[in-house]
Each structure stands twice: as structure tokens, then as C-alpha cells.
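Here the sequence shown is numbered in numbering that gives the first Met the number 0, starting from 0 and rising by one per residue. Written out below as C-alpha cells is the structure these notes cover.
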Amino acid sequence: MLPLRVILDPSALAVSRIGENKKEALQYIDALITWDLFKSEPLSILKVSRESLNALFIDDEYLDQKKLSLKLKQCNVYEHSSNDLIQYFYKLTSHLSYLEDDNMRISDYEVKIDSITPAIPENTIGPNLQALFIRTLQRLIVKPDQSEEPQTILAQHIIDSSEINTIYSLNSLDSKPQALHNRFLLARDYQDILKHLDIGQLFHSSLNEETLKIAIQLVFDRYNKSTTPSDEIPPYKIGKKFIDRLNELKVTSTLLESTIISMLDSLLNLNNASEHRLRQGKSGAEQFRKRKNDGALGMRRDITRVYHLHYWQGDKNFIEFAWVSFPHDDMVCPE
Numbered sequence: 000m001l002p003l004r005v006i007l008d009p010s011a012l013a014v015s016r017i018g019e020n021k022k023e024a025l026q027y028i029d030a031l032i033t034w035d036l037f038k039s040e041p042l043s044i045l046k047v048s049r050e051s052l053n054a055l056f057i058d059d060e061y062l063d064q065k066k067l068s069l070k071l072k073q074c075n076v077y078e079h080s081s082n083d084l085i086q087y088f089y090k091l092t093s094h095l096s097y098l099e100d101d102n103m104r105i106s107d108y109e110v111k112i113d114s115i116t117p118a119i120p121e122n123t124i125g126p127n128l129q130a131l132f133i134r135t136l137q138r139l140i141v142k143p144d145q146s147e148e149p150q151t152i153l154a155q156h157i158i159d160s161s162e163i164n165t166i167y168s169l170n171s172l173d174s175k176p177q178a179l180h181n182r183f184l185l186a187r188d189y190q191d192i193l194k195h196l197d198i199g200q201l202f203h204s205s206l207n208e209e210t211l212k213i214a215i216q217l218v219f220d221r222y223n224k225s226t227t228p229s230d231e232i233p234p235y236k237i238g239k240k241f242i243d244r245l246n247e248l249k250v251t252s253t254l255l256e257s258t259i260i261s262m263l264d265s266l267l268n269l270n271n272a273s274e275h276r277l278r279q280g281k282s283g284a285e286q287f288r289k290r291k292n293d294g295a296l297g298m299r300r301d302i303t304r305v306y307h308l309h310y311w312q313g314d315k316n317f318i319e320f321a322w323v324s325f326p327h328d329d330m331v332c333p334e
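Structure representation (C-alpha cells):
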């Protein structure tokens, strides 16, 4: 299980969010594509409330094919099909892991939220969606096990802030009411999510080639300020011993994120002062390394002072990540 969950508040899907112009409509479409990434394998960390569709219906914010087609036409959006986009909406509001399925016995508690900072603006969205937003905060306050609680990011479009602070009173069956404080992370778009993420921690316990590639994509999108999950990363390959080497080293989450950043620097040709040709051995007199089968150059890049990234750089700068070296004089670079 990944140490993160993203709660998708239905305010992020409200049809009024499509707006009245092309820019606003494309932002809404970007959001649909973004939330779908966090719903899909191997992430599968997106949750919604079972009450979401009902709140959207009652507040007349439900997205259907007719509404979407009309909105896209009004906003001069022709690069996206309403039929394709409506599928995203249906996928995001059904067949999900529901927030209410978490092991939270909220009925055993009385949660009264006394204040929210920043305050919820009046008339920004329907009353049922606002009420569901409050109930979601109440549910998140009641946690099944504090020690195992994953990081939670609430994706919404009610409050324009990166976090929300609540003062509340919690009255359980076996305790007296007490004034408490809690902070929740908020996201309105893809970049908000990426700013909150601890990439190393997210993938540390579930590292394989697929999750490593997703981690590289997320770091790339954060650097590139992408509005949706991107496919613009230069092509590369993960060497057959690379993942095993990371697991063998038992890298910390901090070192894993530093490794991923170094991999991205190599792909984007950044921070070149930390990169140099890899020699055959420890001595400065040793020959530079070339791969026998294709002549690719062996390269070495600093991760830290004692950990280094080794990779092969071939034609058109195509990179194959081969090894993480440790200690400093480890010159291994599997072919």
C-alpha cells in the first residue's frame, strides 16, 4: 500500500468549473486527466465519497454528455472529444475505493468544526457540495490508526489555498469534548499535488521498474510545471540490475528521491558539473569506459558525496541507467 491517498472532492468535477472560455475549459479537462492518473494502476490512491454523485445531482453540477458537448462548443474547444472526456468523469465517480470504506467508525464520534482557515467563500459552489466538503473534513479528522495514517491530499475546487487549518471539538463515547487543531493539504490542480508529494517516501516501499518510471515522470512534471501527466520525457531504459541494486543498498526514501532527481538531470542534461566520464577503474590513469556491443559511453554522476549514478549514454544521448555505486570507489557499470 502506498503511503498516500488523494481524496477527490466532487467540487473538482462540478460542471460550472468548465467556465465560459477556452482557457477555463482546458483547465477543467486537464484536471480530469490528472485525477485519472491517481486512480489508475499502479498508483490507485484516489478515493471519493459515496455521496459525491448525489451532491452533484442535487446542486445541478452533474456532468452529462449533452452539457459537456454544449460547453465545449461554447468555449471553442475542438481538440477534445466529449465522448472521451465523459468517460473520465464516469471512471472518476464510480468503481472507486470509497472514503467511507476506510476503517473509520465515525458514528462513534461527534465532530464539530468550529473554524476553518481560510474560510469557505460564500456562494462559490452549491450548498450540498459545500456540506459534503465539511463532512469529508470531519471524516478525515477521525483516523483509524494515527501511526499508520497515510499522507492525505484533498483535491477540491472550493478553497484557493494549499492547505486548510481547522479548529474542532471531538467528543467520543469514552472521552470528554476537547478543542483540537488539524491541518489538511489541498490541491486544485496537478502541480498542487506534485508540490505536496514526497516522491521518495511514496515509492520507497513499492519500488519496481514501473513505479520508478512513474516517479521519474512525476519529478519531470514538477520540474517542467506540466499541467497534466506528461509523455515528453526523453526516452531511456532501466538496466536489468538497476532495481536490484537499489534494493540491495536499502536506500532511504531521501536517497531514493535524490537518485531520481539525478536520473532526471541526466535525461535533461542539467547540472553537468556533477557528471563525468566513467573510467575502467579507480585510478585517474585508467581508460574511459565504452560498452562493447554498441560503443555507448559509461557516465558517472554525483547523487551524494558517496553515492553515484552510473549509466550508458548512446546515440542521440539515449540513456540506460545501469547502477548506483557505493562506496565512492565502486566503478561497476553492468553491460
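All C-beta atoms, glycine included, are put in the ideal place defined by N, C-alpha and C. The structure presented is a predicted model; accordingly, all values stated were derived computationally and were not measured.
Gln200 carries a helical assignment under DSSP once its states are collapsed to helix, strand and coil. CA-CA distance, Gln279 to Lys21, rounds to 56 Å. Relative to Arg182, the option among Asp159, Asp264, Ile115, Ile157 whose CA is nearest is Ile115. Here Leu193 is not near Ile158, since their CB atoms are 8 Å or more apart. Here DSSP, grouped into helix, strand and coil, assigns Tyr61 to coil.
Taking 8 Å as the cut-off, the Cβ atoms of Tyr87 and Asp8 do not count as close. In the three-state scheme derived from DSSP, where H, G and I count as helix and E and B as strand, Asn270 is classed as coil.
Between Arg300 and Asp264, the gap from beta carbon to beta carbon is short of 8 Å. Annotation for Tyr89: no residue places its beta carbon closer than 8 Å to its own, counting only its chain and skipping 5 residues before and after. Counting C-beta atoms within 10 angstroms of its own C-beta, Glu60 has 16 or more neighbours from the protein chains shown and is therefore classed as buried. Under DSSP, Glu162 shares a beta bridge with Leu184. Looking only at Phe317, Ile32, Asp83, the smallest Cα-Cα distance to Leu45 is reached by Ile32. Residue state for Phe287 is assigned as strand, using DSSP reduced to three classes. Going by beta carbons, Ala11 and His156 fall inside the 8 Å limit.
Judged by DSSP in its simplified three-state form, Ser168 adopts strand. Beta-bridge partners assigned by DSSP to Met298: Arg276, Tyr310. One thing to note: Ile302 has its Cβ no nearer than 8 Å to the Cβ of Tyr310. Taking the Cα positions, Ser225 is about 8 Å away from Tyr189. Apart from the 5 residues on each side of it in sequence, Gln286 sits with its Cβ closer than 8 Å to the Cβ of Arg278, Gln279 in its chain, given in chain order. Taken atom to atom, the span from the alpha-carbon of Gln150 to that of Asp293 is near 45 Å. Inter-residue distance for His327 and Leu308 is about 11 Å (C-alpha atoms, whole angstroms). In this structure, Ser48 places its C-beta atom within 8 Å of the C-beta atom of Leu131. Under the three-state reduction of DSSP, Leu248 is assigned to helix. Contact between Val5 and Phe56 fails: their C-beta atoms lie close to 23 Å from each other, not under 8 Å. Judged by DSSP in its simplified three-state form, Tyr77 adopts coil rather than helix or strand. With contacts defined by Cβ atoms closer than 8 Å, Val323 and Leu248 form a contacting pair.
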